[in-house]
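For the sequence shown, the working numbering gives the first residue as 2, with consecutive numbering after it. We put the beta carbon where it would ideally sit given N, CA and C, even for glycine.
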Amino acid sequence: MRKFVFIIILSLSLQGKAQMWFANGAEWHYYVNQFYAGATGLNGNGHYKITVTNSLTIAGDTCYELTRRFTGIPFSPLTPPVNDLYKGHFIVKVKNRVLSLCTNSTTPSFDTICDFNAVVGSKWKALINSSCSVSNATTAVTSVSTITINNVSLKQVGVTNTYLAIIGSNTYTLSNTDLFVEKLGGLNSFYYYNCCSIDCDVRYGDLSCYKDDNFPLYKVPGYTLACNYSPVSIEENSYQTVDVSIYPQPANQIVNLSSPLFANKRAQIQISNNLGQLCCKQRLQFNNGNAQLPLANLPKGIYFLKLIDEDLKTFTQKIIVE
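Quick look at the structure:
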């Protein structure tokens, strides 16, 4: 009898764990502020809303179809009105605490987004866009911890994606970092496709909010706008050139960033080449308004540095690496 009761309790526990992901009413909001560093200086910002639209069975596993919509100002046109655009769907599953993306539903095939069983130093195959010519593509775990949100203890895993990309005649060492939290997905993007194409960038943004029918609205600390914020103009939330100093110019191994407006703030840094291709993306801590950004992995050339602070204000400036 005790064994029977234990089995029932275990079964209910597993069902509860399964409902941690993709519960009824689940929706994710990602704030987006993009910059294309080409000659025309195209921008686009607004937010992505991700919702669960379907459940299906693939190779005996329960999977979920998630649909993504963008509301805001896309790359073109550059002026209002704000647009509401369907931006595709993707299929994911969670099995044994491994979140994975369906890359081929016919075969079928799944690639790991995040393994919540991982320990520091664990690695798995990075998600790579098919347009890239890459090698040594890996996702490595850099931190493992727990966080309590709405009285629920959730595992969080920090990762760094690193790979070599051949763009034209140059070989770049590209990298980006992300923090994955159970139920919430990635904080920089639900999942990140490492890519060499500027078209990849518009899929992603920083998590601003999450909720479902059994999980009250959670706003990511530092996000002050409405969860579904959409701008009325692309210039409304940006710093001026005089607000931030970047030196030396040209730069070599490092570049210094300085501004009294960034006293003890964290900011997201994106560096793109002059073709608009994202070369690196990371978070940077300012101490007393000063920070240093390493550039050792960037080949000589012209780049555009974009900074997004905790209040979602942005700053973009050209830098030269020699």
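{"Query": "Counting only runs of 3+ residues fully inside the region 237-301, write out the beta strand (DSSP E) ranges in chain order.", "Result": "246-248, 255-259, 267-274, 279-286 and 291-295"}
{"Query": "Express the C-alpha separation of residue 149 and residue 250 in angstroms, rounding to a whole number.", "Result": "43 Å"}
{"Query": "Rounded to a whole number of angstroms, what is the C-alpha to C-alpha distance between residue 224 and residue 47?", "Result": "14 Å"}
{"Query": "Between the C-alpha atoms of residue 286 and residue 264, what's the straight-line distance to the nearest angstrom?", "Result": "10 Å"}
{"Query": "Can you tell me whether DSSP reads residue 66 as helix, strand or coil?", "Result": "strand"}
{"Query": "Could you check where the beta strand (DSSP E) with residue 105 kicks off and where it finishes?", "Result": "99-105"}
{"Query": "For residue 310, which residues in the same chain have their Cβ closer than 6 Å to its Cβ, ignoring the five residues on either side in sequence?", "Result": "266 and 268"}
{"Query": "May I ask you to report which of helix, strand or coil DSSP gives residue 55?", "Result": "strand"}
{"Query": "Using DSSP bridges, identify the partner residues of residue 164.", "Result": "175"}
{"Query": "By how many angstroms is the C-alpha of residue 322 removed from the C-alpha of residue 325?", "Result": "Absent from the structure is residue 325, since the part of the chain shown begins at 2 and ends at 323."}
{"Query": "Helix, strand or coil: how does DSSP classify residue 321 here?", "Result": "strand"}
{"Query": "Helix, strand or coil, according to DSSP, for residue 184 in the structure here?", "Result": "coil"}
{"Query": "What is the DSSP secondary structure of residue 89, counted as helix, strand or coil?", "Result": "strand"}
{"Query": "Determine the direct distance from the alpha carbon of residue 188 to that of residue 218, and round the result to whole angstroms.", "Result": "15 Å"}
{"Query": "Could you pull the DSSP bridge partners for residue 210 from this structure?", "Result": "30 and 220"}
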